[in-house]
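These notes are about the structure you will find just below.
2 protein chains.
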Amino acid sequence: MHEVSSAVSNITRIPPQSGVAFRLRAGEILRICDPMGEQVADLFAFKDGEHACSLSSGRSIDYASKIYLSTGDPLYSNDSRVMFRILEDQVGRHDFLLTPCSQEMFEILYKHQGHHPSCFENLYRALAPFGIRPEQIGTTFNVFMNVVVAPDGTVAVKAPTSRAGQYIELRAEMDLVCGLTSCSAENSNNGSFKPIDYEIISGR
Amino acid sequence: MHEVSSAVSNITRIPPQSGVAFRLRAGEILRICDPMGEQVADLFAFKDGEHACSLSSGRSIDYASKIYLSTGDPLYSNDSRVMFRILEDQVGRHDFLLTPCSQEMFEILYKHQGHHPSCFENLYRALAPFGIRPEQIGTTFNVFMNVVVAPDGTVAVKAPTSRAGQYIELRAEMDLVCGLTSCSAENSNNGSFKPIDYEIISGR
Chain A
1 MHEVSSAVSN ITRIPPQSGV AFRLRAGEIL RICDPMGEQV ADLFAFKDGE HACSLSSGRS
61 IDYASKIYLS TGDPLYSNDS RVMFRILEDQ VGRHDFLLTP CSQEMFEILY KHQGHHPSCF
121 ENLYRALAPF GIRPEQIGTT FNVFMNVVVA PDGTVAVKAP TSRAGQYIEL RAEMDLVCGL
181 TSCSAENSNN GSFKPIDYEI ISGR
Chain B
1 MHEVSSAVSN ITRIPPQSGV AFRLRAGEIL RICDPMGEQV ADLFAFKDGE HACSLSSGRS
61 IDYASKIYLS TGDPLYSNDS RVMFRILEDQ VGRHDFLLTP CSQEMFEILY KHQGHHPSCF
121 ENLYRALAPF GIRPEQIGTT FNVFMNVVVA PDGTVAVKAP TSRAGQYIEL RAEMDLVCGL
181 TSCSAENSNN GSFKPIDYEI ISGR
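Order-wise, the sequence lines are chains A and B. Under the UniProt record's numbering, the first residue of the first sequence carries the number 1, and numbering increases by one thereafter. Under the UniProt record's numbering, the first residue of the second sequence carries the number 1, and numbering increases by one thereafter.
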């Protein structure tokens, strides 16, 4: 279902449990909106034309000295260039620790049998036409995902704090190829599957 | 200095601010020892002969549901296969959030001017003879690195808790190519630069 999307004015809707890929030019703003609340969107990105340069959780967290990135924070590439800057964030809680949900995750963590839609599959299928291989997709910026780290290091996935209509805006700081999903994992969106909306806005 | 190492019995010493790379066969045990205390060793690994399969912080943390991995915990690849299992851990505090220190890190975080030795450079130089490119090196397992996450998400690098002679043992669960460093960053080893020792032990 990753290729299915329906345009409503300038907003594109990503149906539940699916994903898309698109180019974003330097200066353009990507607005990612949770139209119904409590849904997660996994974002990954490459420098357009230079796919060895890709989004890096480890570098972004290191340079920000915090795991929760929000308004004003840059998202870095693996070679320490700024790929995005968060311009506005109405939610303030996103995860940058966990990899996108995958077939193997559902089997390992939840003993799921048979095929399960996943952000990882939706990302690599959507990004394949851009010449990107699955192993090039690392830890995603998990928009609206609410992951809490206890003092002993225990990680818990909580219901997103996003309410219907809230959004985050990220400005591209270089030409990018982006993959974006509406998350397929029951436990990251409080047991429901919902769409994600996104919009590409000219720089301002 | 990454290629310089001196053998003492079966123990190989990695001089301060340098790195090595080596093969580890499935079943072999890698013992990483902090000979003087309060030093960090960055570890990264690929499946031998299949470099698209590499160490994944995001998958390992997700499947363990914790950020601090220790005795008994597996370390996963990006395609969700077990690469290592921690057999023994005398320290109990290692970081899996931050990327290896790099030239750019010293410039961005510490305004350093001129060349600075770094784990990232030491890793990619040591791994280059195995056909591995710099961009294939992701977030390392930062042995003995003491990174604390506050409830608000703030990340602080503290002095390692490792005392002289303490070690961790990891068993290879597949044939691997490993890169390993003695860390070059002042702030991760309490202001000093020290060696790291390692030993490859036949399976038991």
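C-beta atoms are modelled at their ideal positions from N, C-alpha and C, and glycine is treated no differently. Since this is a predicted model, take the numbers as computed values, not measurements.
DSSP, reduced to helix, strand and coil, places residue 187/A within a helical segment of the structure shown. Of the other Cβ atoms in all chains shown, 16 or more fall within 10 Å of the Cβ of residue 29/B; this residue is therefore buried.
For residue 48/B, there are no neighbours in chain A by C-beta distance under 8 Å, as the nearest C-beta there is about 16 Å away. Listed along the chain, the chain A residues whose CB falls inside 7 Å of the CB of residue 62/B are 98, 99 and 105. Per DSSP, the unbroken beta strand (DSSP E) holding residue 141/B starts and ends at 141 to 143.
Looking at the DSSP output, residue 154/A shares a beta bridge with 66/B. The beta-carbon distance between residue 83/B and residue 176/B, rounded to whole angstroms, is 6 Å. This is short enough to meet the 8 Å contact definition. As DSSP reads the structure, residue 167/A sits in a beta bridge with 33/A.
Between residue 58/B and residue 55/A a beta carbon distance of about 12 Å is seen, past the 8 Å cut, so the two are scored as non-contacting. Within chain B, the residues whose beta carbon sits less than 7 Å from that of residue 59/A are 99, listed in sequence order.
For residue 105/B, the enclosing alpha helix (DSSP H) begins and ends at 103 to 110. Per DSSP, residue 88/A is one residue of the beta strand (DSSP E) stretching across 82 to 89. Residue 88/B is positioned such that its CB atom lies closer than 8 Å to that of residue 169/B. The C-beta of residue 68/A comes closer than 8 Å to at least one C-beta of chain B.
Sixteen is the threshold: since fewer than 16 other Cβ atoms of the shown chains lie within 10 Å of the Cβ of residue 158/A, the residue is exposed. Contact annotation: in the segment 172 to 193 of chain B, no residue has its CB less than 7 Å from a CB in chain A. Under the three-state reduction of DSSP, residue 57/B is assigned to helix.
Between residue 19/B and chain A, the shortest Cβ-Cβ separation is not below 8 Å. Residue 129/B is not a Cβ neighbour of residue 144/B, given a cutoff of 8 Å. In terms of beta-carbon proximity, residue 91/B stays away from the interface with chain A, with every pair separated by 8 Å or more. Linking residue 15/A to residue 115/B through their CA atoms gives a straight-line distance of about 49 Å. If you draw a straight line from the Cα of residue 41/B to the Cα of residue 146/A, it comes to about 31 Å. Secondary structure at residue 13/A: strand, using DSSP grouped into helix, strand and coil.
In this structure, the beta-carbon distance from residue 51/A to residue 132/A falls below 8 Å. When Cβ-Cβ separations below 8 Å define contact, residue 52/B makes contact with chain A.
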